[in-house]
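Comments concern the structure below.
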Amino acid sequence: MENKIRILLIEDNPADARLIHEYLRQVTHQRYHLVTADTLKKGRETLLTTKTDIILLDLNLPDSMGFDTFENFYSEFPLYPIVVLTSQNDEKLGLRAVKSGAQDFVSKDDLTPKYLTRVIRYAIERTQLQRNLYQAQQLAKIGNWDINLDTNEMTCSPIIYEIFEKKQGEEFKTLQDYLVSVHPEDQEEVARKLKKVFEDGGSFEVDHRILFSDHRIKHAVFQGKTQTDNNNQPERLVGSVQDITERKQIEDLKQTNELNIRAIQLRQEFLAKTSHEIRTPLNPILLLTTILLDSSLSSTQREQLEAIKSAGETLLAVVNDILDLSKIEAGKIDFSHHGFNLRQVFDHVEDMMELSANGKGLKLIFNLDPRIPDRLVGDNVRLTQILLNLVGNAVKFTHKGEITIEAKLKKQTKEDAKIYFKVSDTGIGIPQDKLKVIFESFQQIENEDNRRQGGTGLGLTIVRQLVKLQGGNINVTSMVGVGSAFDFELRFDLTLQEEGPKQDVVIDKSKVAGIEILLVEDNPLNQMVTKKLLSDWGIDIQIANNGKECIENLRAKNYDLILMDVQMPEMNGYEATRYIREQMEPPLRDVPIIALTANAFTGSDDECLRVGMNDYLSKPIEIDTLYTKILQHARTGKRKLDAGKDFLYVNGNGTKISREEESQKTPENMPIKQHTDLSYLQQISGGDETIIRKTIEKFLETTPEMLEKMSLQLDEGAYEELGRTVHKLKSSVAFMGITSIKETILEVEKIIKTHSDFPLLPRLIGKIREVIEQSFAELEKSLPTH
Numbered sequence: 005m006e007n008k009i010r011i012l013l014i015e016d017n018p019a020d021a022r023l024i025h026e027y028l029r030q031v032t033h034q035r036y037h038l039v040t041a042d043t044l045k046k047g048r049e050t051l052l053t054t055k056t057d058i059i060l061l062d063l064n065l066p067d068s069m070g071f072d073t074f075e076n077f078y079s080e081f082p083l084y085p086i087v088v089l090t091s092q093n094d095e096k097l098g099l100r101a102v103k104s105g106a107q108d109f110v111s112k113d114d115l116t117p118k119y120l121t122r123v124i125r126y127a128i129e130r131t132q133l134q135r136n137l138y139q140a141q142q143l144a145k146i147g148n149w150d151i152n153l154d155t156n157e158m159t160c161s162p163i164i165y166e167i168f169e170k171k172q173g174e175e176f177k178t179l180q181d182y183l184v185s186v187h188p189e190d191q192e193e194v195a196r197k198l199k200k201v202f203e204d205g206g207s208f209e210v211d212h213r214i215l216f217s218d219h220r221i222k223h224a225v226f227q228g229k230t231q232t233d234n235n236n237q238p239e240r241l242v243g244s245v246q247d248i249t250e251r252k253q254i255e256d257l258k259q260t261n262e263l264n265i266r267a268i269q270l271r272q273e274f275l276a277k278t279s280h281e282i283r284t285p286l287n288p289i290l291l292l293t294t295i296l297l298d299s300s301l302s303s304t305q306r307e308q309l310e311a312i313k314s315a316g317e318t319l320l321a322v323v324n325d326i327l328d329l330s331k332i333e334a335g336k337i338d339f340s341h342h343g344f345n346l347r348q349v350f351d352h353v354e355d356m357m358e359l360s361a362n363g364k365g366l367k368l369i370f371n372l373d374p375r376i377p378d379r380l381v382g383d384n385v386r387l388t389q390i391l392l393n394l395v396g397n398a399v400k401f402t403h404k405g406e407i408t409i410e411a412k413l414k415k416q417t418k419e420d421a422k423i424y425f426k427v428s429d430t431g432i433g434i435p436q437d438k439l440k441v442i443f444e445s446f447q448q449i450e451n452e453d454n455r456r457q458g459g460t461g462l463g464l465t466i467v468r469q470l471v472k473l474q475g476g477n478i479n480v481t482s483m484v485g486v487g488s489a490f491d492f493e494l495r496f497d498l499t500l501q502e503e504g505p506k507q508d509v510v511i512d513k514s515k516v517a518g519i520e521i522l523l524v525e526d527n528p529l530n531q532m533v534t535k536k537l538l539s540d541w542g543i544d545i546q547i548a549n550n551g552k553e554c555i556e557n558l559r560a561k562n563y564d565l566i567l568m569d570v571q572m573p574e575m576n577g578y579e580a581t582r583y584i585r586e587q588m589e590p591p592l593r594d595v596p597i598i599a600l601t602a603n604a605f606t607g608s609d610d611e612c613l614r615v616g617m618n619d620y621l622s623k624p625i626e627i628d629t630l631y632t633k634i635l636q637h638a639r640t641g642k643r644k645l646d647a648g649k650d651f652l653y654v655n656g657n658g659t660k661i662s663r664e665e666e667s668q669k670t671p672e673n674m675p676i677k678q679h680t681d682l683s684y685l686q687q688i689s690g691g692d693e694t695i696i697r698k699t700i701e702k703f704l705e706t707t708p709e710m711l712e713k714m715s716l717q718l719d720e721g722a723y724e725e726l727g728r729t730v731h732k733l734k735s736s737v738a739f740m741g742i743t744s745i746k747e748t749i750l751e752v753e754k755i756i757k758t759h760s761d762f763p764l765l766p767r768l769i770g771k772i773r774e775v776i777e778q779s780f781a782e783l784e785k786s787l788p789t790h
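Each step along the sequence shown adds one to the number in this note's numbering, with nothing skipped, and position 172 is 176.
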């Protein structure tokens, strides 16, 4: 059986009350529970204490008469369905009540059991529908309104008053009341839209703001349309108001985010291009000054060259700081995960900072907790970068005393260890009011040291970000005139899923000999180095200086592979690749293309693949990687190789030499590989044979000892010392024009710097030693006679 419907009857006439009770009792399909009250006051009290589904309200009561009865009661209990009971001559009051919110009205003289129960059922159902509509309008923040065009009377749903935050008694009676609540700057536009719809009919929509007394602003959309009578004349204007403040905020936020994203993209593009343009001239500047500083110079010349080198290194440091911070902010920085020894990290920091500390008479003290495990797993390069920044900062602002670098074991489990690091100094200190800003970008404490030594103010910002990205937090304490201390904690794993031993790439020239490659590159030095390398492998290589020349060459000849630089004048690598893929016909359209990119930021690799390139290589190019990718992508089906011949290389005349031809050569007719090129030495010496002779003699005198030292350091595993020796050897080798091992030396330096791939060192050092020892005979023959 259905649940009872609970009815509150507010009626002062006992006969009418008994009649309604009797009518409800006669209904068999529905059960009712009737509660009566004979005054409005008792009705209010009953409603507050008794659960009620519907109210039957007589308008004429001892304590309230007429329409005021309904209006006062409805204002207190607007959520209850109310059916107004009228006498025969109260029909106008009933209609007025319905317009003001009553669900229905019935004449007592017309009541029958069936009619009464139908009115009750409909009133309850309509109320439920209205509640659902109200809830939907609340969720959508939209309310409806209605204007009688004859009387200009306006009625609005409760949601509209919630939007405008109106209290009882502040309702909109007319359209003018609404307009007054619109933002003053928007009233003219709203009035214009309304005037047009009044004159021409149809519909309108206008956005406007709502200004509150506390200066808050909401955004609303006000829309409506005309309704006509039976004669097609405008009768009413109906519509809605929706609060779109949140949507507006989301749209503004989205637009702001899009602008921010675009700004970040533009900044990344600018920094990538700028870094490329700055680094390109800086590298030869620093290289040439290093080479010249190893030669015989007057004191004035040496002083001037050292100033040039110092300025160049400072500029390079500024560029590197900005790029590091930009990569961090863009989320394009990765952390490696491999085993390392913390003692080696401390030794590296000491080696790097010892000279600058000693130059100021400062003492570096390293305290390493012996409980720290010998092998930690994490990013030792980033840890070194953090410590170098902190120690470098300490050296900069300390004029006497000492700088202490310490590491303590804070906590250790089977899986990991938490290490506490602290760098403290006896420097000038930092004012308390500046401690909160020193980690912010481009912030520097204003003092004589900063004005004299300069810097970007990014070092500590980078440190904080690097620590934070690894799950740590850096703190600082300081006292002016006493010193400063920076401390942080980092967690390191103790176990690492070991990968299989890295396999050395064996470069078998016979596998790539005869391949025809088009190198698209605008840098003459890169052209020279790449051409020499690939020619030594027996590859037939041709050069185009930009994308336009690439397309012209490709129209004339179908290559096995294109090595495509991405940044070039006239037509860059992306544009050239798109043209080849979209405009040219097969098989030219399908030529494999490998990008050569020097972009300082990640993400350029995605762009390479998106425009149709097959792969990409990052500069500086690793020889093993280049060889592997050529094997992977070059089209072997069209190589112009003689049948049955296994080619080793292409000689200086462009003739391919096969393995069979090579094996038939006698020592007398065998070409001797030239390792040295003294043209640069002759150029910078102005052709002075005395300088040339002394430079070569010095190289022949000092280099054998350096080679022996390299071998000894390699055998003992003294990699940091080996790195310094190789670095020192690099400038001497460049002076003698021994370019064939330039990439090998750079690879050695990279391995030592990153503390990875140490098993590759014996082969690389052996290659360096072999080439240099072979160059001795050439240099002895080239010595100028007196």
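Beta carbons: idealized from backbone N, C-alpha and C, even for Gly.
Buried/exposed call for residue i, threshold 16 Cβ in 10 Å
{"i": "S744", "result": "buried"}
{"i": "G487", "result": "buried"}
{"i": "Q436", "result": "exposed"}
{"i": "K400", "result": "buried"}
{"i": "A140", "result": "exposed"}
{"i": "Y631", "result": "buried"}
{"i": "L783", "result": "buried"}
{"i": "G485", "result": "exposed"}
{"i": "S244", "result": "buried"}
{"i": "G98", "result": "buried"}
{"i": "D383", "result": "buried"}
{"i": "A311", "result": "exposed"}
{"i": "R468", "result": "buried"}
{"i": "V510", "result": "exposed"}
Residue i vs residue j beta-carbon contact at 8 Å
{"i": "V194", "j": "V184", "result": "no"}
{"i": "I555", "j": "I521", "result": "no"}
{"i": "S760", "j": "H352", "result": "no"}
{"i": "D94", "j": "L63", "result": "yes"}
{"i": "I14", "j": "L65", "result": "yes"}
{"i": "I24", "j": "I128", "result": "no"}
{"i": "T402", "j": "S428", "result": "no"}
Span of the alpha helix (DSSP H) around residue i
{"i": "H341", "result": "That residue, H341, is in no alpha helix (DSSP H); it is neither H nor E in DSSP."}
{"i": "I24", "result": "P18 to Q30"}
{"i": "S514", "result": "Per DSSP, S514 belongs to no alpha helix (DSSP H) and is neither H nor E."}
{"i": "I634", "result": "I627 to H637"}
{"i": "D181", "result": "L179 to S185"}
{"i": "D821", "result": "With the chain represented from 5 up to 790, any question about residue 821 goes unanswered, as that position is not in the structure."}
{"i": "F74", "result": "F71 to E80"}
{"i": "F401", "result": "Where F401 is concerned, there is no enclosing alpha helix (DSSP H), given that its DSSP letter is neither H nor E."}
Backbone CA spacing between residue i and residue j [nearest angstrom]
{"i": "K8", "j": "H33", "result": "11 Å"}
{"i": "K367", "j": "N397", "result": "15 Å"}
{"i": "Q778", "j": "S300", "result": "26 Å"}
{"i": "K171", "j": "K199", "result": "28 Å"}
{"i": "L132", "j": "V87", "result": "According to the sequence as given, residue 132 is Gln; it is not Leu. Taking the straight line joining both Cα atoms gives about 15 Å."}
{"i": "L270", "j": "N264", "result": "10 Å"}
{"i": "I598", "j": "R251", "result": "46 Å"}
{"i": "S549", "j": "P528", "result": "The question names Ser, but residue 549 is Asn in the sequence shown. Looking at the two C-alpha atoms, the distance is approximately 9 Å."}
{"i": "D298", "j": "L359", "result": "19 Å"}
{"i": "H3", "j": "I776", "result": "What the structure shows of the chain is the stretch from 5 to 790, and residue 3 is not part of that stretch, so it cannot be assessed."}
{"i": "R35", "j": "F81", "result": "25 Å"}
{"i": "V242", "j": "D20", "result": "40 Å"}
{"i": "T680", "j": "S736", "result": "12 Å"}
Bounding residues of the beta strand (DSSP E) (the contiguous stretch that carries residue i)
{"i": "I9", "result": "I9 to I14"}
{"i": "R213", "result": "S207 to L215"}
{"i": "T680", "result": "From DSSP, T680 is part of no beta strand (DSSP E); its letter is neither H nor E."}
{"i": "T90", "result": "I86 to T90"}
{"i": "K367", "result": "K367 to L372"}
Exercise for review: Decide yes or no for the touch test of the segment 511-528 against the segment 558-577: beta carbon pairs closer than 8 Å, at least 3 of them.
Suggested key: Taking 8 Å as the limit for Cβ pairs, the verdict is that the segment 558-577 does touch the segment 511-528.
Check your understanding: Quick check: the segment 373-385 against the segment 416-427, are there 3 or more CB pairs under 8 Å?
Key -> yes
Review point. Should the segment 101-114 be regarded as contacting the segment 43-57, the criterion being three or more beta carbon pairs within less than 8 Å?
Key: no
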